[in-house]
Amino acid sequence: MKNYDLKKLTLEEKCALLTGANGWQTDGANGKVKTVWVSDGPSGLRMHNPEKQEETFTATAMPTCHVLANTWNLKLAYEYGATIADECIYRGADILLAPGVNIKRTPLCGRNFEYFSEDPYVSGKFAVEYVKGLQDKGIGTSVKHYCANNSEYDRCHQSSEVDERALHEVYLKPFEMAMEAKPWTVMCSYNPVNGVYASENKKLLDTVLRGQLGFDGLIMSDWGAVHNPVRAVEATLDLCMPHYDGYVEKLTAAVKSGKLTEKQIDERVEKVLKLVEKNEKAKPTRKVESTEEERHARAVKMAEEGIVLLKNEGGILPLKGVCGDCGKQSENCADGCGEKKKYFVYGSISECPYLSGGGSGRVQTAFKQTALHTLIAEKTGAEVDHRSDNQWDRDWRGMYHIAYDADVTIVPIGHGDGVEYEGDDRMSIRLTEAQEDRILKIAAHSHKTVVLVYAGSAVDMSRWIDAVDAVVFVGFAGEGVNEALSALLCGEENFSGKLTETFPLTLEDTYKGGDTKDGETDLYDDGIFVGYRYYDRAGKQVLYPFGYGLSYAKFEYSNLKIEKKGDTDFEISYDITNVSDVAGKEVSQVYVKDVSAMVHRPEKELKAFSKDEILPHETKTVRVALDYSSFAYYSTAFDKWYVENGWFEIYVGGSSRELPLKGKLKIELPEDTQYSTK
Ligand code: BGC
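Residue numbers (the working numbering): 23 to 700.
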């Protein structure tokens, strides 16, 4: 401890340091200790105005984290963090309460839009860059919600009952990976884990997080997640947020009665003081290095890379200005007559796009949108008509006529923060019946139909997917959405986003939850089979698999090579050729399958990925590395990661269900590291 001397603090002052001074600030111990301001996250700065705490300052509404993850671009994740850091510096926030690295175990979870993926490796990779982006600029982070907080329904009471292996391989893994970036803080979740609240769970906080995962920062609680101050301190929770009335009294009484030792308090206080010192040290290094316009431009760029093209039958997209201007024959005439195209954008979302889901992750932006239909008209020079939702009720037949007369009808549809929000789960993964009816009716009268879907997680499209020509999953793409989307739809930019979660055919196809899910316990009897690991094991068809997304370019894979660099280190290289006339970025994925093991293992697991820009007709060689963690499973027999010798298969391709390249390698670790398998 450099600047602060514990001995100069009274017991009351020390205990006061262990809970917030208010909603967003740490306590100052009667002016003896500097305070730290914390603020939400994750998709921008949601900072409460210190003067009027019910108001939040405006900030750049970045694409939410599920869209960021759909970029598969780790450089963007870093830039995303750095962009928000600039806003923190500008407003005076010291720590951003982000990123959320919880696994999307079910598409129903109301907070999926805030999280990265159903896959722990993707979540961990994005977490590392996100944290570095902020912390390299001197702003702290809080990796949350630790842990197994995978649904919002009754989140403050329902216990997540998870076996050790699933806990480590799926739910703790992103936290474990995030440690590489040395986050200043971790936030514990609301829910009990295996019957004990996360805030009181000494095994999770101390043995696992500090011990096994090597975390040496501060653990704070989620807002109101502490039930018992004494138990929280016993469990080594450092900071209870927000201010808890009576915290000081309860802790001092516990010390006086001998329930807690002063040393236990001191250990927690030291973590708070260390954080304060880290923060003070960082302050002079902080510099705003971007303008508001630049931050907005980054939000646009990230949305461009995170919006996913799911279907594009007959190459209906990109939209052209006049018939034949792309050099191809139009679908409306025989020879590319050069006539202006007519488009119909039908839906209010064109003017008021959904930018985010609801709750603490929702950022208040000051940016004024230009409507999507206006931007499409500007970019293509085509004739673009637009009608808002309420015109359906007044004149649905009129809508059919406009759709009939247009070359393409574009239907932006979905739901916003009224359906997907913190504190509850969705009841269904379908659009409303009325929305589905509308798509079907419009499609029946349109020459060609493009549907743009706004949602924070997977959507069941089974009722209408075959009736439409193109589908774009916009997600909650932040304030840059209309600029990004129009650039993609009109071919100024190429789609390069891919899904980081599986889109099942229907909710019935997803893992349904344990049989004791009654509001009190949620039995994770899906074990390690989460996301694509579940669909693979169950042999289920899905609507769009994990890792899937289309581009205007076309890529072919060849020439897989596996080179051994060490006992468990391998370089995997392969060629990707852009066999089209347009430049594009391809997200290639490398999956590993354990051919035979003493424990059950998933069909395959993502262990590396790369996103590469490839020019028309260019071939690029991509190289990625595999290491110990690519082959290991979490052994509950040894309480550690363990690699079992034997053959492993390597699959490479453009999505989890399209893996044209296959190879194999053998792990042959020294016999004394191995246990008998015969
Ligand atoms: C959320 C956290 C958030 C905190 C402060 C809680 O309800 O779960 O993610 O950081 O509130 O707003």
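Just so you know, even glycine gets a beta-carbon here, dropped at the ideal spot from N, CA and C.
Near ligand 1: residue i beta-carbon under 6 angstroms from a heavy atom
i, result
"Ser-450", "no"
Among the options, nearest to residue i - alpha-carbon criterion
i, options, result
"Ala-104", "Ala-492, Lys-401 and Gln-157", "Gln-157"
"Pro-214", "Glu-101, Ala-81 and Cys-169", "Cys-169"
"Leu-90", "Ser-518, Thr-695, Val-55 and Asn-250", "Ser-518"
"Ser-573", "Thr-229, Val-298, Gln-286 and Pro-340", "Pro-340"
"Glu-34", "Cys-87, Lys-278 and Gly-497", "Lys-278"
"Gly-343", "Glu-400, Gly-146 and Pro-129", "Glu-400"
"Val-646", "His-639, Lys-633, Thr-658 and Val-248", "Lys-633"
"Glu-728", "Lys-686, Gly-122, Gly-668 and Ala-659", "For residue 728 there is no data in the structure shown, the boundaries of the chain being 23 and 700."
"Ser-652", "Ala-630, Lys-662, Lys-642 and Arg-187", "Ala-630"
"Gly-155", "Lys-583, Lys-204 and Leu-687", "Lys-204"
"Val-709", "Glu-361, Lys-626, Thr-387 and Leu-397", "A question about residue 709 goes unanswered here, because the residues of the chain that appear run from 23 up to 700."
"Thr-599", "Ile-636, Ser-410, Gln-563 and Ser-618", "Ile-636"
"Thr-387", "Asp-661, Ile-338 and Glu-314", "Glu-314"
"Gln-286", "Arg-416, Leu-226, Lys-36 and Met-84", "Lys-36"
"Thr-48", "Lys-224, Asn-516, Asp-661 and Asn-301", "Asn-301"
"Glu-299", "Glu-361, Asp-411 and Leu-240", "Leu-240"
"His-167", "Met-209, Tyr-175, Tyr-269 and Glu-186", "Met-209"
"Val-322", "Ala-506, Gly-569, Val-58 and Ile-106", "Ala-506"
"Lys-224", "Glu-256, Tyr-664, Asp-238 and Val-252", "Glu-256"
"Ser-508", "Thr-86, Arg-559 and Val-494", "Val-494"
"Glu-16", "Ala-654, Gly-569 and Asp-591", "With the chain covering 23 to 700 only, the question about residue 16 has no answer from this structure."
"Tyr-566", "Ala-619, Pro-526 and Asp-597", "Pro-526"
Where the beta strand (DSSP E) containing residue i begins and where it ends
i, result
"Asn-334", "330-334"
"Gln-611", "606-616"
"Ile-584", "577-586"
"Met-199", "That residue, Met-199, is in no beta strand (DSSP E); its alpha helix (DSSP H) goes 195-200."
"Glu-593", "592-600"
"Thr-6", "Residue 6 is absent from the model: the chain starts at 23 and stops at 700."
"Lys-633", "627-636"
"Tyr-697", "Unbroken run through Tyr-697: none, as it is neither H nor E."
"Glu-505", "Element bounds for Glu-505: not the beta strand (DSSP E) but the alpha helix (DSSP H), 503-511."
"Gly-668", "668-675"
"Tyr-566", "564-566"
"Leu-683", "683-689"
"Lys-662", "662-664"
Span of the alpha helix (DSSP H) around residue i
i, result
"Glu-77", "Glu-77 -> no alpha helix (DSSP H), and no H or E assigned at all."
"Phe-653", "650-653"
"Ser-279", "269-279"
"Gly-103", "96-113"
"Lys-303", "284-304"
"Tyr-557", "554-560"
"Arg-253", "251-256"
"Ala-91", "87-92"
"Ala-619", "Per DSSP, Ala-619 belongs to no alpha helix (DSSP H) and is neither H nor E."
"Lys-534", "First-last for Lys-534: undefined, no H or E at that position."
"Ala-38", "33-38"
Residues around ligand 3, please: the ones whose beta-carbon is closer than 5 angstroms to some heavy atom of it, in chain order. Only ligand 1 can be found as ligands here, which leaves ligand 3 out of the picture.
Which parts of the stretch 121-181 are runs of the alpha helix (DSSP H), unbroken and 4 residues or longer, counting only runs that do not cross its ends? 142-157
Pair every Cβ in the stretch 90-102 with every Cβ in the stretch 323-340, then say whether three or more of these pairs are closer than 8 angstroms. yes
For the stretch 257-266 against the stretch 38-47, are there 3 or more C-beta pairs whose distance is under 8 angstroms? yes
Does the structure place the stretch 64-74 close enough to the stretch 105-121 that three or more beta carbon pairs sit under 8 angstroms? Contact annotation: the stretch 105-121 touches the stretch 64-74, with at least three C-beta pairs closer than 8 angstroms.
How do the stretch 438-450 and the stretch 128-141 stand: do at least 3 beta-carbon pairs fall below 8 angstroms, yes or no? yes
In chain order, which continuous runs of the beta strand (DSSP E) of length 3 or greater are located wholly inside the stretch 363-427? Fully enclosed beta strand (DSSP E) runs of 3 or longer: 364-368 and 405-409.
Pair every Cβ in the stretch 676-684 with every Cβ in the stretch 609-627, then say whether three or more of these pairs are closer than 8 angstroms. yes
Are at least three pairs of beta-carbons, each pair with one atom in the stretch 487-494 and one in the stretch 72-85, less than 8 angstroms apart? When C-beta atoms of the stretch 487-494 are compared with those of the stretch 72-85, fewer than three pairs fall below 8 angstroms, so the two segments do not count as touching.
Runs of 3 residues minimum, wholly inside the stretch 427-496: which ones carry the beta strand (DSSP E) assignment? 430-436, 471-476 and 492-495
Should the stretch 383-399 be called in touch with the stretch 448-459, which here means at least 3 C-beta pairs below 8 angstroms? no
So within the stretch 190-241, which uninterrupted alpha helix (DSSP H) runs reach at least 4 residues, ignoring any that extend past its ends? You should have 195-200.
Would you say the stretch 495-515 touches the stretch 369-378, given that touching needs at least three Cβ pairs under 8 angstroms? By the Cβ criterion, the stretch 495-515 is in contact with the stretch 369-378, since at least three pairs of Cβ atoms, one from each stretch, lie closer than 8 angstroms.
Contact the stretch 429-440 vs the stretch 466-477: 3+ CB pairs below 8 angstroms: With the cut-off at 8 angstroms, the stretch 429-440 and the stretch 466-477 touch.
With contact counted as at least three CB pairs below 8 angstroms, one residue from each stretch, are the stretch 143-154 and the stretch 194-211 in contact? These segments touch.
State whether the stretch 104-114 contacts the stretch 302-322, with contact taken as three or more CB pairs (one from each stretch) at a distance under 8 angstroms. yes
Cβ pair count under 8 angstroms reaching 3, the stretch 180-189 against the stretch 542-550: yes
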